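Notes for the one structure printed next.
Numbering (this note's numbering), first residue to last: 154 to 344.
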C-alpha cells in the first residue's frame, strides 16, 4: 500500500462518517478538547471548543470571567454558545465541564445529535489539570473537590449522554476509535 493509499484509508471521507454533528461533555480534564480535536480530524468535521469561543468573544480568560463577573455570568455565556452551536453543521463540539448543569443546555444538546460523555478518575483529572488555574478547584484538597463536583454533576452528565467513553490510561487514538464505533451504533439505532 502506498503512502497516499494509507493516508486515504485512515482519513474517512464525508460519506464514510456516522454523524455530521456531535457534542462532547464531561468533567474538566477528561480530554474533551484533545479528543474533540482528534475526532473532528478523523471525521473531517470542524472542531469548536465552547470555552475557547467564550474567551474569544469576551476577550477574557475563563478564570478572569469567574473572578470579575462570577460563575453565573460564565454559565450564561455557555448557554448562548451552545444555542449558536445548534445551528451549525459538520462540527464536533467540546463543551465546558459545567455546561450540562443547566437543564436548558442538556435539552438543546440532546435535541441536536449524539452527546458523548468522556470520563476519567479524580486522580487522572487532577494530574491533567493541576498546572492550570481552575476556579472551581481553588478550594481545599483538589482531588477531594474533584470527587465532590463529579458526584454532584453525575446525574446531569448521565441525563445528556448518548453514551460514555473512559479516557483513563488510554491514548487518544484508542478513545477516538471507540467513539467512532459507538457513533456508528448510535446512528444505526436512531434510524
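Cβ atoms here follow ideal geometry from the backbone N, Cα and C, with glycine treated the same way. Quick caveat, the model's predicted, so the values are computed rather than measured.
Next on the checklist: Using C-beta distances below 8 angstroms, list every residue in its chain close to residue 158, excluding the 5 sequence neighbours before and after it, in chain order.
Outcome noted: The predicted position of residue 158 is uncertain, since its pLDDT is 48 and thus under 50; a value taken from the coordinates is nonetheless stated next. So the list is empty, once near-sequence residues are dropped.
Checklist entry - Got a sec, what are the start and stop residues for the beta strand (DSSP E) residue 176 sits in? => result Looking at the DSSP string, the run of the beta strand (DSSP E) that includes residue 176 is 174–178.
Checklist entry - What's the gap between the Cα of residue 267 and the Cα of residue 176? => result Taking the straight line from one Cα to the other gives about 7 angstroms.
Checklist entry - Under the DSSP definition of a beta bridge, which residues are partnered with residue 239? => result Bridge partners of residue 239: none, in fact.
Checklist entry - DSSP state of residue 217, grouped into three classes? => result Correct three-state label for residue 217: helix.
Checklist entry - Does the distance from the CB of residue 180 to the CB of residue 246 come in under 8 angstroms? => result Their beta carbons are not under 8 angstroms apart, which means residue 180 does not touch residue 246 by this criterion.
Checklist entry - Any contact of the stretch 261–275 with the stretch 313–325, i.e. 3+ C-beta pairs under 8 angstroms? => result Flag = yes, the stretch 261–275 and the stretch 313–325 touch.
Checklist entry - Taking C-beta to C-beta, are residue 274 and residue 321 nearer than 8 angstroms? => result It is a contact, given that the beta carbons lie within the stated cut-off.
Checklist entry - First and last residue of the beta strand (DSSP E) that includes residue 272? => result Segment 268–272, the beta strand (DSSP E) holding residue 272.
Item to check | Exposure of residue 337, with buried meaning 16 or more beta-carbon neighbours within 10 Å | outcome: Classification for residue 337: exposed.
Checklist entry - If you count every other CB in all the chains shown that lies within 10 Å of the CB of residue 272, and 16 or more means buried, which is it? => result Looking at its Cβ environment, which holds 16 or more other Cβ atoms inside 10 Å, residue 272 is buried.
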